[in-house]
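Participant:
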Amino acid sequence: MIIANIITKLKSDLDSNYYYESEFMFDSEVLDMIAPSNELLKIGICPIGKVYYEVFDNNIIEFDYGIAIVEIMGEFTAGRVIFGPENCKPILGLTIIESLGINFDDLKRKCLRLPSYIFKNKLKFDN
1 MIIANIITKL KSDLDSNYYY ESEFMFDSEV LDMIAPSNEL LKIGICPIGK
51 VYYEVFDNNI IEFDYGIAIV EIMGEFTAGR VIFGPENCKP ILGLTIIESL
101 GINFDDLKRK CLRLPSYIFK NKLKFDN
């Protein structure tokens, strides 16, 4: 299910001056990110492995993947990015969105950054 479009910036590492910035479709049914392979290679993201995905016509296709630094709404994380076809629309998966603490507001039809992560009853600190 396509929920929203989010401006997303990808880099190979934090110190790099090269980046790929585009409007990514956020799809809550997809776990990983996918971006055009030519754009990923241009900014120095290299394939480090292969993964298999079932596509819309029920075929299973092998894709390369790499690791990218991801910036959304001024926040940074890192994650797996799939090397998609050169003309593909970039897709942002649930893994990256959740790691940044971003929620989707159904009424406003947009993504919102949560003020903080919730650790209530999860972490206990000794004083």
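Here our numbering is used: the first residue of the sequence shown is 1, the next is one more, and so on. Cβ atoms here follow ideal geometry from the backbone N, Cα and C, with glycine treated the same way.
1. Rounded to whole angstroms, how far is the Cβ of ASP64 from the Cβ of LYS50, which I believe are closer than 8 Å?
2. Quick one: using the 10 Å Cβ neighbour count with 16 as the cut-off for buried, is GLY79 buried or exposed?
3. Tell me, please, which residues DSSP counts as bridged to ILE82.
4. Less than 8 Å between the CB atoms is what I'm expecting for THR95 and LEU31, so what's the real figure, rounded?
5. Should LEU10 and VAL81 be called a contact, given that it needs their Cβ atoms to be closer than 8 Å?
6. Which same chain residues, not among the five before or five after GLU71, have their C-beta less than 6 Å away from its C-beta?
7. Could you give the residue range of the beta strand (DSSP E) that holds GLU23?
Facilitator: Per the coordinate set shown:
1. Right, the Cβ-Cβ distance comes to about 6 Å (below 8 Å), so this counts as a contact.
2. Buried: at least 16 other Cβ atoms inside 10 Å.
3. According to DSSP, ILE82 bridges with ILE34 and TYR65.
4. Contact holds; Cβ gap of about 5 Å.
5. Yes; because the gap between Cβ atoms is below 8 Å, this pair is in contact.
6. So the qualifying residues of the chain are LYS9.
7. Segment 20 to 27, the beta strand (DSSP E) holding GLU23.
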